[in-house]
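Residue numbers (my numbering), protein chains in the order written: chain E, 23 to 413; chain C, 23 to 413; chain W, 23 to 413; chain H, 23 to 413.
4 protein chains.
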Amino acid sequence: MEAAGILTPSERRDVDRGLDQIESRFGQSPCPTSDAEDLHTWIEDLLVELIGESGKKIHTARSRNDQVATLLLLYLITQGEVLCRRLSSLVALCCRRALEWREDPFPLQTHAQFAVPGTVGFWILRYAVSLDRIRGHVAYYRDRWREFCPLGSGAAAGSSIPIDRLIQARELGFGQPSLNALASTGTRDECLEYLFLAAQTSLQLQSFAADIIAFSQTPFSWTNYPREFGTGSSMMPNKTNPDAMELLRGEGCSIIAALPEAMMLLKGLPSGYNRDLQCIKPIVRRVVEKLDALLQMSTAFIATLDFDRERLKSSLRVGHLDATLRMERMVVRGIPLRQAHRMMAEQLHEPSASTNASDLNCCDYQTMGSAQPEETRRVAEAILSTIDSTL
Amino acid sequence: MEAAGILTPSERRDVDRGLDQIESRFGQSPCPTSDAEDLHTWIEDLLVELIGESGKKIHTARSRNDQVATLLLLYLITQGEVLCRRLSSLVALCCRRALEWREDPFPLQTHAQFAVPGTVGFWILRYAVSLDRIRGHVAYYRDRWREFCPLGSGAAAGSSIPIDRLIQARELGFGQPSLNALASTGTRDECLEYLFLAAQTSLQLQSFAADIIAFSQTPFSWTNYPREFGTGSSMMPNKTNPDAMELLRGEGCSIIAALPEAMMLLKGLPSGYNRDLQCIKPIVRRVVEKLDALLQMSTAFIATLDFDRERLKSSLRVGHLDATLRMERMVVRGIPLRQAHRMMAEQLHEPSASTNASDLNCCDYQTMGSAQPEETRRVAEAILSTIDSTL
Amino acid sequence: MEAAGILTPSERRDVDRGLDQIESRFGQSPCPTSDAEDLHTWIEDLLVELIGESGKKIHTARSRNDQVATLLLLYLITQGEVLCRRLSSLVALCCRRALEWREDPFPLQTHAQFAVPGTVGFWILRYAVSLDRIRGHVAYYRDRWREFCPLGSGAAAGSSIPIDRLIQARELGFGQPSLNALASTGTRDECLEYLFLAAQTSLQLQSFAADIIAFSQTPFSWTNYPREFGTGSSMMPNKTNPDAMELLRGEGCSIIAALPEAMMLLKGLPSGYNRDLQCIKPIVRRVVEKLDALLQMSTAFIATLDFDRERLKSSLRVGHLDATLRMERMVVRGIPLRQAHRMMAEQLHEPSASTNASDLNCCDYQTMGSAQPEETRRVAEAILSTIDSTL
Amino acid sequence: MEAAGILTPSERRDVDRGLDQIESRFGQSPCPTSDAEDLHTWIEDLLVELIGESGKKIHTARSRNDQVATLLLLYLITQGEVLCRRLSSLVALCCRRALEWREDPFPLQTHAQFAVPGTVGFWILRYAVSLDRIRGHVAYYRDRWREFCPLGSGAAAGSSIPIDRLIQARELGFGQPSLNALASTGTRDECLEYLFLAAQTSLQLQSFAADIIAFSQTPFSWTNYPREFGTGSSMMPNKTNPDAMELLRGEGCSIIAALPEAMMLLKGLPSGYNRDLQCIKPIVRRVVEKLDALLQMSTAFIATLDFDRERLKSSLRVGHLDATLRMERMVVRGIPLRQAHRMMAEQLHEPSASTNASDLNCCDYQTMGSAQPEETRRVAEAILSTIDSTL
C-alpha cells in the first residue's frame, strides 16, 4: 500500500506496529465476542483504536471477497503440504513393511475367493503404489494452488486504485496475480480439488480396512495388532473385534461425502461472489481434520501390524492356490493355454487333488510387477528412493 | 508372445492373420449374440475356428482382469485427449468473444445484486480462465494415465511365463509396465480422476447456464440467441424460455453425480479384482457421452450468443453501479477508505442520487486481472497463445 | 429383570437407587473422562461402586448392540416429534401469510420468465402445501419408529435368559418387541428415513431461499425484511445482500448430503452389527441440529417478511403477464385454443402491445387450486384447520 | 371438456375417435420422427389432421407443465404398485425359506467375527423383516401419490376456463385436484420419494449380496447356487466366483446414487416450472428398470439358493460360538453377568477349550425375536399371513 501511495511510510509503520500488537494480544487465543460483522471489520476497528485514522485505510482496494478467497487458498496450500508429508510417511512405511514381508507367503484373493499365491509384502506394496500415485497428485495441485494470488481482485472486478498485485502475490508466496477478478472471487475449484484428493486417499484407506477386517475374520485370524485397535464384546466373551478398521472404513465415508456436498453447494451459482460460498469452509476444515486423524491412525496401525505365519501357512493349503502356476508350467512345456486350463480344472475335481503349502513358490513369477519377492524389493526400493528425495 | 517363446514365428503370423480377419468381419458391426461368457472368450473361440490350435494360446499369461484394466485405461486416455481438445476449443472461443466484447459495459453482480461495472468480455473471460485451468488438469492426468501399463498383471500377481512387459507397454503407448499387479487389477483410480475432471467442467458449464438464465430473465432480456436454444410456451403466448441453458444446468447434475456413484461402488472393496468393478464402465461411458454433448452444445451456444446493448445500457443506470469507483476516487484524493465508504453510502440515500450510465468507465480500473478492457485483452491473448501451441 | 428372576426385589431397588444417584450426579453435566471402554461400561462400574455385586447384573441379557439401537431409535422418535412441531408452526405461518397476501398481485414466473399473474399469497401457499405434505410423512415415520423395540435383541440373536421383551417394549413406549434380533442390531433404516425427511424439507427451504434471492435482486427489490437478515458490502457502498437466504440455500446442502453419506456408510455391510454403524450417529445429530436451526431461521424470516407493493405493481406492467388470460377469454368466446394462442402471440409482437397492471385480475381464475384469492383462502384455511387439530 | 362447455358433444366424440385412431396406429410402436416440439404438439397436429378444427381445442385449459406432472405421477403410481408386488413376492419367498431352514445351525457374525449360534432360517428372516418394512412404506407413499391430481394446474396458476378438476381427478383415479397450481407444476417430491424407497431396497439387497459373498468365500463355501449365478476364471482353473452377487452389490450403487443426483437437480430451483425438471424423468426411469431387474434376479437367486450343511457344521466348531449361551447358563444359576463374562473369557483362553458343534442349540434362546426356531416360525408365518392378504 505504501508502493501504491495509499499509506505514507510513517502510516505504514503505524499499521505494522498495530497489527503486531493485535497479533500478540489475540493471536494465540480465540477471538473475543464482538458486535463486528466479521473478523476483518473487527481487526480494522481495533487498529483504528490503536493507531488512529490511518487504520481506516487498511481495507483500501480490498474486499472481503478477495480476502477470503486468498485466506482459503493459503489454508489449502498448507494442508496440501501436510497431506503430502503424511502420505509420504505412510508410503515409506508401507514400502519398508513390504521389504520385511516380501517372502512371507499369502493367499491372494479375487472375488473374495482364494486365487493365486502372493506374499504379505506384495499385498501391502499395493497400497504404497496407490498412495504414492495420489501423493504425486497432491504435489501437482499444491503447485497449481500456488500459481495465482486472488488478493487485489476486490469485490468482483479489481480496483481503480493502482495497487501492485505482483508485489502482493510474491509476498504471499504466489507466482503471480490471478487473471480474472470475477473468477477469483466467485469460484472454489481449489477446494474441490483438495476434497477430491482426500476422497481418493480415503477410498484407499477403506480398502485397506476392508482387507484387514477380512484377514482377521474368525477362521483366518491371520493378523496380530495391539489391543487398542480392537475391542471385546459386552455380551460375548469369545470376541475380539477389529473396531479400529471398521471405524476407518466408516469414517472414511464422511470424507468422501464432502466432495458431492461441496459440488451440490456450488451447483448452479451465478458468477460473482454469493454467500453460499462461505459454507464450503467448514466442509473443507472437517475433511482436513478427519483425514489427518485417519492417516495418523492408519500409520500407527500399520507400524504395529503383524501376521501370524502359522495360521497363514495352514490357509495356503486350501483353495488350490497352486493351480495357475501348475497350469503355466504346462504352457511353458508347449501345451496351448486353453487346453492346459481345461486339464488343470479337471485334475482339481479329482478327490486326491490337494495343495502342499510348501509347493507354493512366489519365486516362480517371472513378470515385472508380479508377486516375485525380488520384484517387491525392486519396486519398494524405487519408491523409497523418490520419497526420501521429496521429504 | 513370440519374444516370450510362446508362439513360433509362423504361429504368430497365423494369429495376426486371424485377428485381422475377425476385425474386418466384425469390427464395424455390433457383436453377434453368442454363448461365450464374454468378448475375450468369443474372440478366442473364433480364432481357434479360423487358425486352429495356436489360437488356444492367445490368452497365455493373461487374465481378463488385466485385459479389462488395460482397455479401460486406453479408453480414458483417448477420452482425456478428446476432453482436452473440446476444452481448448471452448476456451479459445471464450477468449475470442472476450476480445470482441471487452468494451461493452455490463453490470457485474454479487449476491444477485448489481455490484460494480464490468464488461461483457470480462464476464466471459472468467469462463476462459476457469476452463483453461481444468484443461491443464486434464493434460496432467492424461500424462499420468499413460505412465503405467496394466497388461501382464494377470489375475492378481503376474505370471510365471516370462512375458516382456516392457515391449507390451511400449507397443500400447505407455511409458512402462505397472508396478504392482494387485494394484493394477483391483483399483480404478483413473476412472475417478476422469469423473472428477468431468464434474469440475460440468460445474463451470452449470454456472454459465445460470448466468445466461439470469441475464435472459424478463426485465433484463440482455441476451440474444438463436431460436433453437429456446422454446415457446404451450399455454402462454407471451413466453420464450431459455430451455437449452436450463437443460445444461440440469443435465450437468448427472455428470456430477457419477463421481459419488463410482466412489460408493469402490467403497470398502477388498484388494484384488471384484466383479463390482465392472459396474464402473457404464458410469464412465455415460459421462463421456453426456459431457461431450454438453460441451458441444455450449460451444455452439457461445458461438452464436449476443447481447442487446441498448437493454444493457438502460440496466446500467440502476443500482448505483458507480458507487465503488466514486468512493475510490475519494480515496485517491486522500480520504481514508472507511470514511469514504460511509460518505458514499450516505450520498446514495439521498433521493437525487442516480447513476448516469455514461459515467461508468471500466477504463478506471488499475489492477491486474481487473475489468479494464486492456486487461481483458492481455489475458485473453495470453491464454489464446498457449492454447494455439497445444492444439 | 425382576420379572425374569435376574434381580431380587431388593436388588432391583438397589439398582434403581444407584441409577438415580448416578443421574442426579452426572445427568446435567458432561461425562468425566474415564478409562471405561464406553458409557455403558462406565455406568456399570459406577453402579458396582455404589451398590455392590448386584450392579454386575445390569447388563444381563443385553448387549451394547441392542442398547445403542434402542437409544438411537428413541432419539429419532423425539426428533421426529420436534420436526413435526416445527413444520406445523411453519406451515401454519405460511397459511396465515397466504391469507394476508391473497389479493396482492404478483408476477408468477416459469423458466425465470414472467409468466402469468398470481398473488403473493398464492406463492407462499405453495410452501405451506409442500411442507404440510412432508409433515404428514414425518408423522407416518414417527409412528413406524414407535412400533418395534430393539431392546432384548442382544448381540445378534436374542438371549437364553427369559426376559419379557413385551414389558420392556411397553415401558419404553413402543408397540411391541422387534421381530428379528439380527435385523434390529444390524440395520439403521430408521436413520435413513429421518435423513430423507430432513433432505426433503431442506430442498423446500432452499427453493424458498432461491425465490427470495430472485425477488430481492437489483431491478426488482420486491422484498422488505429486517436488516439482521442481510449484510452490507465491505467494498461497495451501494449494496445490501440477502445473506440469510444465501446461507439457507448453502447450509441446506449439508443436510441433503448427509443422506448419501449415510447410505455410503451402510453400503455392502454384511448382516450383524459392524462398528461402522457407529458413524451414523454424528451424521444424524449434525442434521438434527442444522435442520432445527434452519427451520427456526426460516420461521423468523417469514414472520417478518414483507413485500413492496409499489415496486411489485410496476413490475406487473412488464412481460405481457395478461396474455394467457386474454387468450382464454377468446377460447371462452369459442375460438379454438391453438388458434387463439397464435392470434395472441401475434398481437404481442405489435409495438403497441402493453399490459395495464390494473387489468390483471386473479379473480378471473376459475379452477380449483388456482391463484384465485378465494381458492387461496379456501386451501389455507383447510390446512390451518388440520394443523390446529394436530398441535 | 364437454362438461366445461369447450367441446360440444359431437366434437367430443370426434376427439375420442381421433385419439383412438392415433392410439391404434402408434400405440405399440416408437414415435415417428417429426418436427413437432414435443409429443403433446405432435398428437395435437395429428388430431387436427384427422378430425379438423375441434382438434385445436384439446390443449384448452392445459399446459405441458401440468400434463407432464400428471403423467409422471401416474407412472410413479404404477411403479409403486409394481415395487409393492415385487417386494411382496420376495418377502414371501424369504419367509418360506426361513421356515424351511429354521433348524439349520449357522454361525452368526458381528464385526465379521463368529459371534453366536443362529440358524440359516433366522438369518434370511432378517431380510424378510427389513424388506417387509419397506413394502409398508411403498404402500404408504403410493396412497399419498394417488391423493392429488395435478391436471388442471395449467402453467403455474390454473386457468380462467371453468374446467371441473374434480371430474378430471376422479377419472384419472386420484382422490381430488391438487391444492396449489404452483406447487403442482414446480415440484417433484414424489419422484424423490420413489427414489428413496428404491435406494432403501437396494441397500438391503446389497447387504444380502455381501452376506452371500462372505458365506461363499474360500474356506467357508457354505452356499450352493446354480452355475448361471457364478463364473469361472479365465486364468485360474481353481476358481468359481459369486459374480451375480458382486454385480448386485455393484449395480445397487447406481440406484442409490440416483437420489442425490435428483436432489442436486432440484437444489435451489426457484418456484414455477423450470426445464431442469425434465431431467428427473430419465433418472427415475433408469432406477425403475434397474431395480426391477435386481429384484427379479435376487428372487431367482434366493429361490435356488442352498446351503452345504456339512460345511456349515464343521464351521460351527470354530470361534467358541457357544460361549455366550454357556455364560448365560451361569447367569441363570445366579452368577452376576459381569462375573460370568470374565469367567467364561478366561476358560476360552485355556488350550482345552473347544466347541462341540452338537452342543449349539438355538432352542436355548428364550426371547421374542431371537434365533429360536419356534420364533422364526412364528414371525415368518405372521408376515406371510399379512402378505397374502395384500396380494
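Ideal Cβ positions, reconstructed from N, Cα and C, are used throughout, including at glycine. Predicted, not measured: the structure shown is a model, and the values here were computed from it.
Check	Outcome
Pair within 8 Å by beta-carbon distance, residue 97/E and residue 178/E	no
Bounding residues of the alpha helix (DSSP H) (the contiguous stretch that carries residue 43/H)	31-48
Listed by chain order, chain E residues near residue 162/C by CB distance under 7 Å	162
Pick from 70/H, 86/H, 71/H, 331/H that is closest to residue 253/C, judged by C-alpha positions	86/H
Beta carbon proximity, residue 241/H to chain E, threshold 8 Å	yes
Check whether residue 164/W and residue 103/W have beta carbons under 8 Å apart	yes
Partners in chain W for residue 151/H, counting only beta-carbon separations shorter than 7 Å	201, 202, 205
Residues near residue 161/C in its chain [Cβ-Cβ closer than 7 Å; skip 5 each side]	106
Beta carbon proximity, residue 263/C to chain W, threshold 8 Å	yes
Close beta carbons around residue 215/C, own chain, < 6 Å, minus the five adjacent residues each side	163
Residue 52/C in three-state terms, based on DSSP	coil
Contact check, residue 319/H vs residue 279/C, beta carbons under 8 Å	no
Minimum Cβ-Cβ distance from residue 284/W to chain C less than 8 Å	no
Nearest-angstrom Cα separation, counted from residue 151/H out to residue 37/W	35 Å
Anticipated Cβ contact below 8 Å, residue 110/E with residue 409/E, distance rounded	5 Å
Stretch pair the stretch 303-319 of chain C + the stretch 223-237 of chain W: three plus CB contacts closer than 8 Å	no
Whether residue 183/C touches residue 354/E by CB criterion (8 Å)	yes
Under 9 Å from the C-beta of residue 197/C: neighbouring residues of chain W	Residues of chain W passing the Cβ test: none, with the nearest at roughly 34 Å.
Chain C contact for residue 378/E (CB, 8 Å cutoff)	no
Selected residue, minimal CA-CA separation from residue 210/W, among 121/W, 302/W, 181/W	302/W
Through-space distance from residue 389/C to residue 190/E, alpha-carbon basis	12 Å
Beta-carbon separation (whole angstroms), residue 451/W vs residue 175/W, contact threshold 8 Å	Here chain W comprises residues numbered 23 to 413, so residue 451/W is not present and cannot be evaluated.
Minimum Cβ-Cβ distance from residue 296/C to chain H less than 8 Å	yes
DSSP state of residue 132/W mapped onto helix, strand, coil	strand
Residue 282/H vs residue 282/C beta-carbon contact at 8 Å	yes
Under the three-state DSSP convention, the category residue 199/H falls into	strand
Stretch pair the stretch 303-311 of chain W + the stretch 136-149 of chain H: three plus CB contacts closer than 8 Å	no
Three-state secondary structure assigned by DSSP to residue 87/E	helix
Closest residue to residue 275/W among 260/W, 262/W, 299/W, 229/W (Cα-Cα distance)	229/W
Reduced DSSP category for residue 280/C - H, G, I as helix; E, B as strand; rest coil	helix
Against chain W: residues of the stretch 263-278 of chain E by CB proximity under 7 Å	263, 265, 268, 269, 271, 272, 273, 275, 276, 278
Proximal chain C residues relative to residue 302/W, where beta-carbon distance stays under 9 Å	Result: empty, since nearest Cβ-Cβ is about 15 Å, beyond 9 Å.
Option in 119/H, 47/H, 401/H, 227/H with minimal Cα separation from residue 329/H	119/H
Proximal residues to residue 40/C (C-beta, below 6 Å), its chain only, five neighbours per side dropped	69, 72, 73
Alpha-carbon spacing of residue 350/W relative to residue 83/H, whole angstroms	8 Å
Inter-residue Cα distance where the pair is residue 136/C and residue 114/C	28 Å
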